[in-house]
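There are 2 protein chains.
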Amino acid sequence: MSTIKATNIVRHEGHVSRDERESKLKQKAVLLWLTGLPSSGKSTIAYTVEHALAKRGHLAYVLDGDNIRFGLNGNLGFSAEDRTENIRRIGEVGKLFVDGGFLTLASFVSPYSADRDAVRELMGEGDFVEIFIDTPVEICEERDPKGLYKKARTGEISNFSGISDPYEVPEKPEMIIKTADWTAEEAAVLIIEMLEKSGKIQAQQN
Amino acid sequence: MSTIKATNIVRHEGHVSRDERESKLKQKAVLLWLTGLPSSGKSTIAYTVEHALAKRGHLAYVLDGDNIRFGLNGNLGFSAEDRTENIRRIGEVGKLFVDGGFLTLASFVSPYSADRDAVRELMGEGDFVEIFIDTPVEICEERDPKGLYKKARTGEISNFSGISDPYEVPEKPEMIIKTADWTAEEAAVLIIEMLEKSGKIQAQQN
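Chains as they are written, first to last, in the numbering used here: chain A, 3 to 208; chain B, 3 to 208.
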């Protein structure tokens, strides 16, 4: 027979609740969904928000091509069907991260309204915030840090959102960030103010 | 032009690191992979560990059928191919949670060695701990809280691990929990001691 002492440990048949994690983390979890054309500035804004939140002691996480496309969704391509499954899986992972208590940012082109709406539908009330990174295609193409637009124009890349594949502009996003007017830092301020106003994080006193 | 003041916010082009999150959370992330027959006691042990960790101020999360089978992997069945994809996706999500800084528990039958080994391969050194919940099939079948063994015996459920589908016993798991000898509370003590000894969490003073 065992002689292990487990005086402080109680048997449980169910999960620790999201509420308990949020209380510990002193934040309310949410999925911020950044959508926009390639090179519109989504990821820079997401990272800038993530770092600003971390500096304030919050737990945040960015889901993006870096950690999704070569991992979970490495077996998907860019057909319409695969794009839908891509966004569906990201939505499900976002839901898990929100359940985990994270201020979660998803940074994906996510060009189809129906796919984004399906994620909104999946999430609980108030858990999904659609942020349209509204950068005109001409500016995106001028920036083109990875040379993708160039390759899309020559046909080296096909099914490229905004060039050879549709990008459906969000009809009723919770926020619109016009990067022609605002820097990434300014966009981050707007997003963090929104998180404060909606009670996801506490306003800073200063 | 904008008049937004972003004096404390700095532009970033990359993710906040796992190290930073682990420092904030005062823990080292890990994926504890609980494998064993249906009704072997995996989830009860996982929940008991999760609650005990939460009580000590840690952030933990359990991935299991509850939050995976009807969500991310709702489009998968129980064929060998789908089982492999099921475990692959769970491994990828586990990797994201570990990157997020969580003490992550995965509670899945995961009957095939090759699938479990693929998750081990995916994770970084020391990030994967395989825990075999070693309950004899007779005891699992006697417990049968969901009546699944009964349905497997009558053929109402096919491809049932341990009855009509193989369960490949782990050859070199980091831990073996014999639930015939130990209660869920005792198993949790053993797992938490292992987390302390491997430096994932600090030992409690008392």
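Glycine included, C-beta positions come from ideal geometry on N, C-alpha and C.
For clarity, every value in this text was computed on a predicted model and none was experimentally measured.
Do residue i and residue j have their C-beta atoms within less than 9 Å of each other?
i	j	result
Lys-97 of chain B	Glu-132 of chain B	no
Gly-73 of chain B	Glu-94 of chain A	yes
Ile-89 of chain B	Ile-179 of chain B	no
Val-121 of chain B	Phe-134 of chain B	no
Thr-37 of chain A	Val-100 of chain A	no
Glu-15 of chain A	Tyr-169 of chain B	no
Ile-11 of chain B	Val-191 of chain A	yes
Val-18 of chain A	Ala-62 of chain B	yes
Leu-27 of chain A	His-60 of chain A	yes
Glu-87 of chain A	Asn-77 of chain B	yes
Ile-203 of chain B	Leu-34 of chain B	no
Ile-92 of chain A	Ala-82 of chain A	no
Gly-164 of chain B	Cys-142 of chain B	yes
Here's the rule: buried if 16 or more other CB atoms are within 10 angstroms of the residue's CB, otherwise exposed. What is residue i?
i	result
Val-51 of chain B	buried
Pro-172 of chain B	buried
Ala-154 of chain B	buried
Pro-113 of chain B	buried
Pro-40 of chain A	buried
Gly-201 of chain B	exposed
Lys-249 of chain A	With chain A represented from 3 up to 208, any question about residue 249 of chain A goes unanswered, as that position is not in the structure.
Met-3 of chain B	Here Met-3 of chain B scores only 46 on pLDDT, less than 50, and its place in the model should not be relied on; the value that follows carries that caveat. Exposed, by the Cβ-count rule.
Lys-152 of chain B	exposed
Gln-29 of chain B	buried
Thr-137 of chain A	buried
Lys-57 of chain B	exposed
Asp-117 of chain B	buried
Ala-205 of chain B	exposed
Gly-75 of chain A	Here residue 75 of chain A is Asn; the residue named in the question, Gly, does not match the sequence. Buried: at least 16 other Cβ atoms inside 10 Å.
Gly-67 of chain B	exposed
Phe-43 of chain B	Per the sequence shown, the amino acid found at residue 43 of chain B is Gly instead of Phe. Buried is the call here.
Thr-181 of chain B	buried
Ser-263 of chain A	Given a span of 3 to 208 for chain A in the structure shown, any question on residue 263 of chain A remains unanswerable.
Ser-160 of chain A	exposed
What is the DSSP secondary structure of residue i, reduced to helix, strand or coil?
i	result
Asp-66 of chain B	strand
Met-125 of chain A	coil
Leu-61 of chain A	coil
Leu-78 of chain A	coil
Ser-200 of chain B	coil
Ala-116 of chain B	helix
Met-3 of chain A	With a pLDDT of only 46 at Met-3 of chain A, under 50, the local geometry of the prediction cannot be trusted, and no value is derived from it.
Phe-104 of chain A	coil
Ala-205 of chain B	coil
Quick one: measure Cβ to Cβ for residue i and residue j, integer angstroms, because I've assumed they're closer than 8 Å.
i	j	result
Gly-103 of chain A	Glu-24 of chain A	5 Å
Leu-55 of chain B	Leu-105 of chain B	6 Å
With 9 Å as the threshold, decide whether the Cβ of residue i is near any Cβ in chain E.
i	result
Glu-94 of chain A	Absent from the structure is chain E; the protein chains it does hold are A and B.
Inside the region 124 to 197 of chain B only - beta strand (DSSP E) runs reaching at least 3 residues: 130 to 135, 177 to 179
Any chance you could list the beta strand (DSSP E) runs of at least 3 consecutive residues sitting entirely within the region 7 to 59 of chain B, in chain order? 32 to 37
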